[in-house]
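Colleague: The following block contains the structure, expressed as structure tokens.
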Amino acid sequence: MSGTTRLEGAQAPFATSGSHLSEVSDWIALLKPRVLTLVVFTGLVGLLVAPGSIHPVLGLTAVLCITIGAGAAGALNMWYDRDIDALMRRTARRPIPAGRIAPDAALGFGIVLGTASVGLMGLATNWVAAFWLAASILFYVLVYTVWLKRRTCQNIVIGGAAGAFPPVIGWAAVTGDTTLVPWLLFTIVFAWTPPHFWALSLWAHGDYARAGVPMLPVVAGARETRRQILIYTVVLAVSGLLPWAVGFAGPAYAAVAALLGGGFLYHAIRTLREAQDEEGRSLVQDAAARKTFAFSLMYLFILFGALALDRLVLA
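Take 244 as the starting number for the sequence shown in the working numbering and just add one per residue.
Okay, here's the thing in structure tokens:
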């Protein structure tokens, strides 16, 4: 990357390999790689369980497009949120607020990657998959980041749809259409997002309050957030059984989904009953909420993995 995209000014003539690696890592950080893991995995499962077949090279290209598109959305999110990111301890060291990448460079980076991912998806697979990939990027950037995040405590509920598109995109890459099943997979991820994110926000609420972001714990308080986590976990536990209920998955998947749903409910109930003060703030550093957050990550990986195994091995 050229020194003109850096906020610290021009680089020294003989930059070390370590500085180059650091710069590359900053550009990778813009893509939100930790978030990408789940996005790519659910998209891959959508592709694998779809009826029909796709050439392995085209399948890998589709997964690459989902990865690049999701990364582009992350970069655009970081560009727009650079002001509030600078106010939160959890995000202050991100490349833009820390001054390691210029905002305009990040904006261009995100636009180029997003446009390229949609175009390549359309050319390599079909334009239905490309359409839903474009929709997911625009939804995350315009609906969640620009419109909802700073305006309503329901931001993560509605905005969570952006992260639920990958299985639909993967399915469409194979079939060229979207039927009931991919939208059931969409529903699972959509229902999973609020309890997953609110468990995190319970211990990060101070950051959001400083930045003026109306996340649920800031607006409605910790006690109501705990109650909402339980409500959405019930919805998620039921949603996880839908592929089996419509006959797409077998009893092995249903057993895994039921066990995972029960486990998530257990953690949500523990979070609700965690020792709290009069305002619902945890007296034990949100220990139960942290465990709920950790379980939520495992939940989605195992559930979608079980669906893939059920369809590819047991069917």
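In this text, a Cβ means the ideal position worked out from N, Cα and C, and glycines have one as well.
None of the values given here were measured: they were computed from a predicted structure.
Using 8 Å as the threshold, is the stretch 495-512 in touch with the stretch 526-542, meaning 3 or more CB pairs across them?
Modeller: The stretch 495-512 is in contact with the stretch 526-542.
Colleague: Give me the Cβ distance between residue 480 and residue 504, rounded to the nearest whole Å; I'm assuming they're in contact under 8 Å.
Modeller: The pair is a contact, with the Cβ atoms about 3 Å apart (cut-off 8 Å).
Colleague: When the Cα atoms are used, what is the spatial distance from residue 400 to residue 354?
Modeller: Whole-angstrom Cα-Cα distance: 25 Å.
Colleague: Just checking my contact of residue 407 with residue 539 at CB under 8 Å: how many whole Å lie between their CB atoms?
Modeller: That belief does not hold up - the Cβ atoms of residue 407 and residue 539 are roughly 14 Å apart, past 8 Å.
Colleague: Can you have a look at residue 412 and say buried or exposed, based on whether 16 or more other CB atoms are within 10 angstroms of its CB?
Modeller: When all chains shown are included, residue 412 counts as buried.
Colleague: Using the Cα positions of residue 315 and residue 352, report the straight-line distance between them to the nearest angstrom.
Modeller: Straight-line Cα distance between these residues: approximately 7 Å.
Colleague: Among residues of its own chain, excluding the 5 on either side of residue 332, which ones have a beta-carbon nearer than 7 Å to its beta-carbon?
Modeller: Once the five neighbours on either side are set aside, the close Cβ partners of residue 332 are 450.
Colleague: Could you tell me which of 477, 556 and 550 sits nearest to residue 284, measuring between CA atoms?
Modeller: The residue with the shortest Cα to Cα distance from residue 284 is 550.
Colleague: For residue 460, which residues from the same chain have a beta carbon less than 6 Å from its beta carbon, with the 5 sequence-adjacent residues on both sides left out?
Modeller: Within the same chain, residue 460 has close Cβ partners 444, 445, 448 and 468.
Colleague: Rounded to the nearest angstrom, how far is the Cβ of residue 337 from that of residue 272, given a contact under 8 Å?
Modeller: Sure, about 7 Å apart at Cβ, within 8 Å.
Colleague: Using 8 Å as the threshold, is the stretch 419-427 in touch with the stretch 364-376, meaning 3 or more CB pairs across them?
Modeller: The stretch 419-427, when compared against the stretch 364-376, does touch it at the 8 Å Cβ threshold.
Colleague: Taking the alpha helix (DSSP H) that residue 560 belongs to, which residues open and close that run?
Modeller: Missing from the structure shown is residue 560; the chain here goes from 244 to 558 and no further.
Colleague: Skipping 5 residues on each side, what residues in its chain have a beta carbon closer than 8 Å to that of residue 389?
Modeller: Closer than 8 Å at the Cβ level, and outside the excluded window around residue 389, lie 323.
Colleague: In three-state DSSP terms, what is residue 471?
Modeller: Looking at residue 471 - three-state DSSP - the assignment turns out to be helix.
Colleague: Roughly how many angstroms lie between the CA atoms of residue 365 and residue 350, to the nearest whole one?
Modeller: Rounded to whole angstroms, residue 365 to residue 350 spans 23 Å at the Cα level.
Colleague: Would you say the beta carbon of residue 497 is closer than 7 Å to some non-hydrogen atom of the ligand NAP?
Modeller: Absence of the ligand NAP from the depicted structure is noted, as is the absence of any ligand whatsoever, leaving it without description.
Colleague: Could you give the C-beta distance for residue 474 and residue 535, rounded to a whole number, given that I count them as a contact under 8 Å?
Modeller: Not really, about 14 Å apart at Cβ, beyond 8 Å.
Colleague: Got a sec, what are the start and stop residues for the alpha helix (DSSP H) residue 541 sits in?
Modeller: It spans 530-552 - the alpha helix (DSSP H) in which residue 541 sits, taken as one unbroken run.
Colleague: Whose CA, out of 494, 282 and 268, lies closest to the CA of residue 544?
Modeller: Comparing Cα-Cα distances from residue 544 to each of 494, 282 and 268, the minimum goes to 282.
Colleague: Roughly how many angstroms separate the alpha carbons of residue 320 and residue 296, rounded to a whole number?
Modeller: Rounded to the nearest angstrom, the two C-alpha atoms are 34 Å apart.
Colleague: Leaving aside the five residues before and after residue 462 along the sequence, list all residues of the same chain whose C-beta is less than 8 Å from its C-beta, in chain order.
Modeller: 396, listed in sequence order.
Colleague: Using DSSP with H/G/I as helix, E/B as strand and the rest coil, what is residue 364?
Modeller: Helix.
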